[in-house]
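Undergrad: Note that our numbering has the sequence shown beginning at 3, numbered continuously upward.
Here it is, the structure in full.
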Amino acid sequence: MAKVHYATGIDTVQGSLAKPTVKNGHSCGTYLIGTHRIAPTQNPNCMRLYIRKEDAYERTTPITADEAAARLRFSTVAAMVKQRKGDLTKIAADQAAFIAQKDLADGKKTLKAYYWKICGDQYDESLNG
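Structure (structure tokens):
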């Protein structure tokens with residue numbers, strides 16, 4: 003196992019240090035990812051450096067029907083939430099309904115989560131009948 007030592011003044015590195023570039027349809031370089039272990043341990047070597055191929059994060063399988071349906075549901079519900087948040091005729095009623103359900107056991111704690119729930123329920127109801 004290799005030990006990683008960075009230049010003086012750099013204590014830890016977390017995340018991507020380099021990504022491949024694409025120019026004229028040609029990909030050059032690799033992913034360079036640095037990690038810093040924060041879990042307690044006796045080992046003083048807490049820095050790791052990983053190198054991944056430029057195609058390491060490309061999808062290798064086709065999109066399934068369930069995944070396509072989930073993507074469609076997400077994009078449709080997101081558009082519904084955006085439209086409903088901007089509808090001035092429903093804001094007062096939505097805020098009152100949100101406050102009424104907020105302290106229930108299965109209540110949503112933020113207005114955004116509440117919008118996602120009611121718009122998601124509307125979407126599911128429109129599909130199921």
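C-beta: ideal position from N, C-alpha, C; glycine also.
Tell me which residue opens and which closes the beta strand (DSSP E) that leucine 19 is part of.
TA: First-last of the beta strand (DSSP E) with leucine 19: 17 to 20.
Undergrad: From what residue to what residue does the beta strand (DSSP E) around lysine 25 run?
TA: Taken as a continuous stretch (DSSP letters only), the beta strand (DSSP E) holding lysine 25 covers 23 to 25.
Undergrad: What residue range is occupied by the uninterrupted alpha helix (DSSP H) comprising arginine 73?
TA: Start and end: 67 to 88.
Undergrad: Could you check the C-alpha separation between threonine 91 and glutamine 85 for me, to the nearest Å?
TA: Their backbone Cα atoms lie some 12 Å apart in a straight line.
Undergrad: Straight-line CA distance for valine 15 to phenylalanine 100?
TA: If you take the alpha carbons of valine 15 and phenylalanine 100, they lie about 42 Å apart.
Undergrad: Measure the beta-carbon distance from tyrosine 33 to isoleucine 12 and round it to whole angstroms, keeping in mind my assumption that it falls under 8 Å.
TA: No, tyrosine 33 and isoleucine 12 are not in contact; Cβ-Cβ is about 19 Å, not under 8 Å.
Undergrad: Do glycine 36 and proline 22 have their C-beta atoms within less than 7 Å of each other?
TA: No, these two residues do not count as a Cβ contact at 7 Å.
Undergrad: Kindly indicate which three-state DSSP category tyrosine 59 falls into: helix, strand or coil?
TA: Here tyrosine 59 sits in coil by DSSP.
Undergrad: Which of the three DSSP states is assigned to alanine 52 in this structure?
TA: Residue 52 is actually tyrosine in this sequence, not alanine. Correct three-state label for tyrosine 52: strand.
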